[in-house]
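K.L.:
Here's a structure for you.
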Amino acid sequence: MRRLDLATGLVTAAVGAFALYDASDLAMFGEGHVPSAGFFPKILAGLLIFLGLLLAAMSLWASAPIDDDDDDVETSRSGKIKAATVLVVYAVIAPLVELIGYIPAMILLVLVVLYGIERRRDFRSAIVAVVMPLATYYVFAHLFAIPLPNGPLLPA
Amino acid sequence: MNALENLLEGLAQAMTPQNLLWVLIGVTLGTIVGILPGLGNPAAVLAVLLPLTLKLPPTTGLIMMAGLYHGAKFAGSTTAILLNIPTETSSVVLCYDGHKLARQGRAGPAMGMSAISGFIASTIGVIALTFLAPIVAQFAVAFGPPEFAALMVFGLLLVITVTGKSPVKGFISMAVGLLLSTVGVDLFSGTERFTFGNINLFDGVEFLVLTLGMFAVSEVLINLEHVRGKSLLEIPKGIRNLLPNKQDLKECRGAIAQGSITGFIVGAVPGGGSTIASFVSYTLQKNMSRNRHKFGKGAMEGVAAPEAANNSEVGGAMVPLLSLGLPGSASTAVMLAALLLFGVQPGPRLFETNPEIVWPVIASLYLGNFALIILNLPLIPLWVRLLKIPYWVLYPSILVLAVVGAYSVRGSIFDIYMLIFFSLLGYAFRKLGIPPTPLLMAFVLGPEAENAIRQSLILSDNSLMIFVQRPISAIVLGLAVLVIVWAIYSRRRPGALPPTKADIQQDDDMDELTEAQQREAGEIIKVDVFAPEPSDEAREDGRVTPSTHSPER
Amino acid sequence: MSLTTSLIKRMAVGAAATALVVTGATACSGSSSTGGDAGAPKNVQFIVDTGPGGGSDLFARELIKIARDNKILTDNWPVLAKPEGGGLGAMAFLKGKPGQNNFISAFTSKWIIAAQAASSAPAQLTDLTPIVMLADEVQVVAAPANAPFNTMAEFIEQAKAHPGEMVQTGGSPNSVDNLVALEIEKTSGVKWKYLSFEDGAPRITAMLRGDAQIDIGALPDFADQIEAGKLKLIGVFSDKRLDGYENVPTIAEQNINLGEFPSHLQFRGIAGPPKMAPESVQFYVDFFKKVTETDAWKEYLKTEGLRPQLVTGDDLATQIREFSDATKPLVAEMVAKP
Numbered sequence: 011m012r013r014l015d016l017a018t019g020l021v022t023a024a025v026g027a028f029a030l031y032d033a034s035d036l037a038m039f040g041e042g043h044v045p046s047a048g049f050f051p052k053i054l055a056g057l058l059i060f061l062g063l064l065l066a067a068m069s070l071w072a073s074a075p076i077d078d079d080d081d082d083v084e085t086s087r088s089g090k091i092k093a094a095t096v097l098v099v100y101a102v103i104a105p106l107v108e109l110i111g112y113i114p115a116m117i118l119l120v121l122v123v124l125y126g127i128e129r130r131r132d133f134r135s136a137i138v139a140v141v142m143p144l145a146t147y148y149v150f151a152h153l154f155a156i157p158l159p160n161g162p163l164l165p166a
Numbered sequence: 110m111n112a113l114e115n116l117l118e119g120l121a122q123a124m125t126p127q128n129l130l131w132v133l134i135g136v137t138l139g140t141i142v143g144i145l146p147g148l149g150n151p152a153a154v155l156a157v158l159l160p161l162t163l164k165l166p167p168t169t170g171l172i173m174m175a176g177l178y179h180g181a182k183f184a185g186s187t188t189a190i191l192l193n194i195p196t197e198t199s200s201v202v203l204c205y206d207g208h209k210l211a212r213q214g215r216a217g218p219a220m221g222m223s224a225i226s227g228f229i230a231s232t233i234g235v236i237a238l239t240f241l242a243p244i245v246a247q248f249a250v251a252f253g254p255p256e257f258a259a260l261m262v263f264g265l266l267l268v269i270t271v272t273g274k275s276p277v278k279g280f281i282s283m284a285v286g287l288l289l290s291t292v293g294v295d296l297f298s299g300t301e302r303f304t305f306g307n308i309n310l311f312d313g314v315e316f317l318v319l320t321l322g323m324f325a326v327s328e329v330l331i332n333l334e335h336v337r338g339k340s341l342l343e344i345p346k347g348i349r350n351l352l353p354n355k356q357d358l359k360e361c362r363g364a365i366a367q368g369s370i371t372g373f374i375v376g377a378v379p380g381g382g383s384t385i386a387s388f389v390s391y392t393l394q395k396n397m398s399r400n401r402h403k404f405g406k407g408a409m410e411g412v413a414a415p416e417a418a419n420n421s422e423v424g425g426a427m428v429p430l431l432s433l434g435l436p437g438s439a440s441t442a443v444m445l446a447a448l449l450l451f452g453v454q455p456g457p458r459l460f461e462t463n464p465e466i467v468w469p470v471i472a473s474l475y476l477g478n479f480a481l482i483i484l485n486l487p488l489i490p491l492w493v494r495l496l497k498i499p500y501w502v503l504y505p506s507i508l509v510l511a512v513v514g515a516y517s518v519r520g521s522i523f524d525i526y527m528l529i530f531f532s533l534l535g536y537a538f539r540k541l542g543i544p545p546t547p548l549l550m551a552f553v554l555g556p557e558a559e560n561a562i563r564q565s566l567i568l569s570d571n572s573l574m575i576f577v578q579r580p581i582s583a584i585v586l587g588l589a590v591l592v593i594v595w596a597i598y599s600r601r602r603p604g605a606l607p608p609t610k611a612d613i614q615q616d617d618d619m620d621e622l623t624e625a626q627q628r629e630a631g632e633i634i635k636v637d638v639f640a641p642e643p644s645d646e647a648r649e650d651g652r653v654t655p656s657t658h659s660p661e662r
Numbered sequence: 149m150s151l152t153t154s155l156i157k158r159m160a161v162g163a164a165a166t167a168l169v170v171t172g173a174t175a176c177s178g179s180s181s182t183g184g185d186a187g188a189p190k191n192v193q194f195i196v197d198t199g200p201g202g203g204s205d206l207f208a209r210e211l212i213k214i215a216r217d218n219k220i221l222t223d224n225w226p227v228l229a230k231p232e233g234g235g236l237g238a239m240a241f242l243k244g245k246p247g248q249n250n251f252i253s254a255f256t257s258k259w260i261i262a263a264q265a266a267s268s269a270p271a272q273l274t275d276l277t278p279i280v281m282l283a284d285e286v287q288v289v290a291a292p293a294n295a296p297f298n299t300m301a302e303f304i305e306q307a308k309a310h311p312g313e314m315v316q317t318g319g320s321p322n323s324v325d326n327l328v329a330l331e332i333e334k335t336s337g338v339k340w341k342y343l344s345f346e347d348g349a350p351r352i353t354a355m356l357r358g359d360a361q362i363d364i365g366a367l368p369d370f371a372d373q374i375e376a377g378k379l380k381l382i383g384v385f386s387d388k389r390l391d392g393y394e395n396v397p398t399i400a401e402q403n404i405n406l407g408e409f410p411s412h413l414q415f416r417g418i419a420g421p422p423k424m425a426p427e428s429v430q431f432y433v434d435f436f437k438k439v440t441e442t443d444a445w446k447e448y449l450k451t452e453g454l455r456p457q458l459v460t461g462d463d464l465a466t467q468i469r470e471f472s473d474a475t476k477p478l479v480a481e482m483v484a485k486p
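Listed in order, the protein sequences are those of chains A, B and C.
Residues 11 to 166 in this note's numbering are what the first sequence spells out, letter by letter.
Residues 110 to 662 in this note's numbering are what the second sequence spells out, letter by letter.
Residues 149 to 486 in this note's numbering are what the third sequence spells out, letter by letter.
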């Protein structure tokens with residue numbers, strides 16, 4: 011955990027530095043010396059840099075690692091890989107809703123997750139993969155009239 | 110007393126069989142809709158289902174709306190407790206303790222406590238509204254930027270006390286939340302902050318997208334890491350374990366009282382809302398409670414207080430609405446629209462000119478809550494059974510719903526990118542031991558605090574004295590200081606140190622004992638979410654096997 | 149098979165069947181014809197810059213509703229929200245659909261300012277094809293009932309005596325009410341403060357509390373409070389006095405110089421994508437003309453405090469340009485300020 015904390019601290023400080031850079035052309039004070047748009051962002055960015063460095067420093071000098079919240083469940087390597095895979099799959103497929111349409115994209119997502127990741131290659135998975143997106147589409151797009159993209163395959 | 114008479118008359122008027130039928134329908138619909146992310150926000154629910162209610166005579170329609178509203182709120186609490194997914198902003202706090210309770214097999218009691226404390230608070234809210242409205246109305250107008258700033262700063266200071274074991278990480282979370290809240294076009298100067306020239310960021314980060322990513326999706330990812338064979342949730346059998354017991358209720362008396370008062374006050378302030386009310390109430394309770402070390406690990410008070418605040422907030426928000434015609438929060442803004450559609454003009458003289466509308470409205474709100482209790486308390490076992498849906502069905506559904514929810518806010522593909530970003534961020538936070546909740550609280554309270562402070566300074570020509578010169582502001586700040594001092598002091602006091610190893614061991618022993626006892630009595634069924642159901646093979650053979658009694662791996 | 153699984157399976161089959169039927173049905177209805185309107189665009193979508201329930205959204209829905217009730221429209225034109233950037237998102241969307249005649253949008257004068265204020269605006273109103281202006285929201289000046297001044301001119305006098313102390317409350321400093329105020333400050337040589345609140349309710353309570361002295365907005369924002377005697381009107385941005393408020397002088401009558409500003413401050417109109425064919429533009433002009441002639445429309449305008457307008461073609465282009473010229477320098481100043 012200590013090395014992780016060190017990395018976390020440094021990354022945090024870096025984020026803070028970036029924020030400070032991005033906010034550099036914002037004014038601290040406006041008319042009448044009242045705090046303006048840049049006031050809080052700059053202070054917060056500075057605070058973040060400080061906290062990041064503090065965390066990094068603490069991880070180097072503290073004797074005992076910080077005891078984190080109860081992790082009474084073991085995590086395994088396979089579990090972590092699974093989680094990471096799902097995240098990647100999600101990140102790739104979710105944006106496709108606009109490209110190929112909501113229903114096809116979501117069906118694809120569930121199919122990949124169930125067939126590929128969960129290895130449940132049975133009929134039930136197929137049902138779930140098709141029903142879920144269709145059901146949510148129906149509820150959102152028709153019952154609540156919130157437009158969801160149809161993509162090139164289905165009529166607009 | 111005139112007001113009381115009117116209220117009773119209003120209640121009598123409202124309680125026709127037809128109205129009762131419609132309010133039950135409203136509660137049911139509201140609950141169903143409230144489970145869906147993006148629509149769980151009661152204001153959105155009301156706005157969407159409003160056309161339905163318009164087909165009915167005005168009083169009935171209003172009562173149905175009240176039912177919808179309470180149904181949606183309860184649904185929000187339900188998903189927060191059961192799935193750790195807040196579908197509306199005010200139920201975020203419930204994820205903290207409510208879900209931990211669910212993991213300990215006390216989902217039913219948590220939900221029950223949520224409903225009960227909500228009902229009690231609602232009652233208190235209605236009573237306060239009835240008798241105190243004129244006084245509170247004056248107070249509401251007097252609550253200007255400095256007072257609001259003081260309240261928000263108070264809230265933020267309290268957030269610090271919820272940072273968990275590592276204060277530095279908690280602060281980092283808070284700072285990131287505050288920074289994220291500044292993204293967008295600044296209200297006062299019109300300049301863009303952290304937008305990278307992308308117009309999708311001009312209006313800031315969408316709260317729902319942030320929540321879905323950091324709580325719903327990242328929760329799924331964390332759960333996926335679990336080793337196969339460990340159960341996700343324990344579902345106790347028998348009705349005794351599905352409702353809060355006497356011990357719980359006794360413990361939470363103070364929490365309910367505090368929540369009711371806090372919620373009402375915050376609701377009465379134009380600009381305060383149920384989110385702020387629940388945050389403030391939760392953190393306040395944590396600091397005031399004797400069981401503060403339990404907060405974050407499953408304290409009943411952590412459910413009772415915010416839920417109470419959530420519900421009495423409505424009563425409070427009705428004060429400026431009915432006396433000034435100004436909505437106190439988002440949900441009452443929709444009520445306002447509905448009232449207008451019904452031809453009722455809420456304005457400063459509404460109580461005088463149209464009392465025959467006002468009191469049924471108030472009564473109907475209350476009835477809605479009553480209906481909720483009647484309908485949902487017995488249904489809690491059913492809700493809890495929801496958890497029996499195998500996780501491999503549940504989690505892809507959550508992923509899909511997150512996409513819909515995120516997209517449906519603005520119809521923008523950019524929000525989906527943001528969803529992915531926040532999912533990653535939430536996952537990273539949890540892996541790194543950074544608590545995500547301070548980020549969320551800071552994200553909500555931050556802009557309010559910043560705006561209020563800057564408004565105050567504009568008014569006072571940059572003099573900080575304004576915060577102390579105006580009486581209410583000074584009082585709130587004084588309270589804030591008191592609470593913080595109390596918090597620090599009681600942490601240092603020998604008796605109130607965080608529990609020692611011996612204490613924790615003793616607690617665990619006690620819990621284990623009860624658990625073992627319970628298991629013996631066949632009371633608890635552990636649900637193994639990842640195992641393929643053994644009954645599959647049995648099914649193929651044509652045999653019928655009893656449901657999910659799977660041995661623990 | 150466990151109870152849950154069989155239940156799910158049954159639900160699944162049922163839901164899939166329903167969903168397919170529904171999707172099929174809507175697929176058919178999606179490409180419906182526009183009835184008897186020959187040459188009318190098909191599958192029209194109405195773009196607005198607010199979410200459901202917002203100002204432009206309600207405006208568009210009202211237009212469609214009145215058109216359908218009066219059989220001017222037999223189809224349904226869905227309202228599509230593009231709320232990013234307060235108009236910028238909508239404009240960018242339209243800009244990306246040149247020549248297509250089935251997209252229209254409800255624009256407001258806010259769009260003009262939004263493009264001027266953004267550091268890199270993806271589109272501006274002049275990129276699009278303005279079709280018609282339909283309504284213009286009369287702006288009024290409200291003040292607490294017990295304020296020591298009764299007209300805007302008197303307010304300015306007071307402000308002169310106490311420079312930088314009086315407070316005007318409003319929303320974003322890029323909104324028209326602030327820009328107009330800035331212009332007045334320039335022409336009269338007086339300065340006062342601008343206090344921004346996101347919502348309308350805190351602005352009113354600010355005045356009731358005494359934190360602010362004036363607020364410029366639309367009449368419906370203040371009507372209730374005026375009736376209750378808590379607020380009063382001290383000026384109207386219009387050519388003639390308002391019905392029901394005949395004792396409130398107009399800004400012009402008070403000899404307040406508005407500089408370059410036209411009298412239309414907050415207007416609403418319809419615009420289409422760039423390079424729209426003249427026949428399409430004409431179709432929409434005729435269409436909306438018919439809507440404005442209905443009684444329902446006139447009623448609607450009245451309740452919303454809107455003035456009816458029907459400005460098209462060159463007049464419209466001129467009006468947009470006048471407004472844009474007036475706001476441009478002011479916005480540029482605001483953006484340039486550190």
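Backbone N, C-alpha and C define an ideal beta-carbon position, used for all residues, glycine too.
If contacts are defined as beta-carbon pairs under 8 Å, then E416(B) and A93(A) qualify, I think. What distance do you get, rounded to the angstrom?
P.N.:
In fact, because the Cβ distance is near 32 Å, the residues do not count as touching under 8 Å.
K.L.:
Going by alpha carbons, who is nearest to K403(B) out of Q367(B), A246(B), Y205(B), L138(B)?
P.N.:
Y205(B)
K.L.:
Can you give me the C-alpha to C-alpha distance between I110(A) and I103(A), rounded to a whole angstrom?
P.N.:
10 Å
K.L.:
Would a check of beta-carbon distances place G434(B) closer than 8 Å to chain C?
P.N.:
yes
K.L.:
Mapping DSSP to helix, strand and coil, what is R565(C)?
P.N.:
Nothing can be reported for residue 565(C), as the shown portion of chain C is limited to 149 through 486.
K.L.:
Would you identify the three-state DSSP class for V636(B), choosing helix, strand or coil?
P.N.:
Caution is warranted here: a pLDDT of 43 is assigned to V636(B), below 50, making its placement in the model unreliable, and the coordinate value is therefore given only provisionally. DSSP, reduced to helix, strand and coil, places V636(B) outside both helices and strands of the structure shown, so it counts as coil.
K.L.:
Please work out which residues of its chain come closer than 8 Å, Cβ to Cβ, to A251(B), disregarding the five sequence neighbours upstream and downstream, and give them in chain order.
P.N.:
I581
K.L.:
Could you pull out every residue in the same chain whose Cβ sits closer than 8 Å to the Cβ of A444(C), ignoring the five residues on either side in sequence?
P.N.:
I214, D217, N218
K.L.:
Between L118(A) and chain B, is the shortest Cβ-Cβ distance under 8 Å, so that the two count as touching?
P.N.:
False, the Cβ-Cβ gap to chain B never drops below 8 Å.
K.L.:
Check whether the Cβ atoms of Q356(B) and A414(B) sit closer than 8 Å, and answer yes or no.
P.N.:
no
K.L.:
Are the CB atoms of F435(C) and I212(C) nearer to each other than 8 Å?
P.N.:
no
K.L.:
Are V585(B) and L191(B) touching if we call contact CB-CB under 8 Å?
P.N.:
no
K.L.:
Compare the C-alpha of E346(C) against each of G424(B), P254(B), H208(B), R302(B) and name the closest.
P.N.:
P254(B)
K.L.:
Using three-state DSSP, classify G139(B) as helix, strand or coil.
P.N.:
helix
K.L.:
Counting only beta-carbon atoms, is S506(B) nearer than 8 Å to chain A?
P.N.:
With 8 Å as the cut-off, S506(B) counts as an interface residue toward chain A.
K.L.:
At 7 Å on the CB atoms, spell out the chain A contacts of N571(B), in chain order.
P.N.:
G42, H43, V44
K.L.:
Measure the alpha-carbon distance for G207(B) versus G89(A) and round it to whole angstroms.
P.N.:
25 Å
K.L.:
State yes or no: is the beta carbon of Y516(B) nearer than 8 Å to at least one beta carbon in chain A?
P.N.:
Proximity of Y516(B) to chain A, defined by a Cβ-Cβ separation below 8 Å, is satisfied.
K.L.:
The beta strand (DSSP E) that contains I543(B), what's its start and end?
P.N.:
Counted as a single uninterrupted DSSP element, the stretch harbouring I543(B) is not any beta strand (DSSP E), since DSSP gives it neither H nor E.
K.L.:
With a 10 Å radius around its C-beta and 16 neighbouring C-beta atoms as the bar for buried, classify Q361(C) as buried or exposed.
P.N.:
buried
K.L.:
Restricting to Cα atoms, I'd like to know which of M550(B), A418(B), N307(B) is closest to G264(B).
P.N.:
M550(B)
K.L.:
Between the Cα of L508(B) and those of T441(B), L241(B), N332(B), T198(B), spot the shortest distance and give me the residue it belongs to.
P.N.:
N332(B)
K.L.:
In whole angstroms, give me the CA-to-CA distance for A354(C) and T317(C).
P.N.:
8 Å
K.L.:
For the segment 298–322 of chain B, which residues have a CB atom closer than 7 Å to at least one CB atom of chain A, in sequence order?
P.N.:
So the close ones are S298, T300, R302, F303.
K.L.:
Which complete alpha helix (DSSP H) runs does the segment 433–463 of chain C hold, if anything under 4 residues is left out?
P.N.:
Every alpha helix (DSSP H) of 4 residues or more that sits fully in the segment 433–463 of chain C is shown, in chain order, as 443–452.
K.L.:
Rounded to the nearest angstrom, what separates F523(B) and M323(B) at their Cα positions?
P.N.:
16 Å
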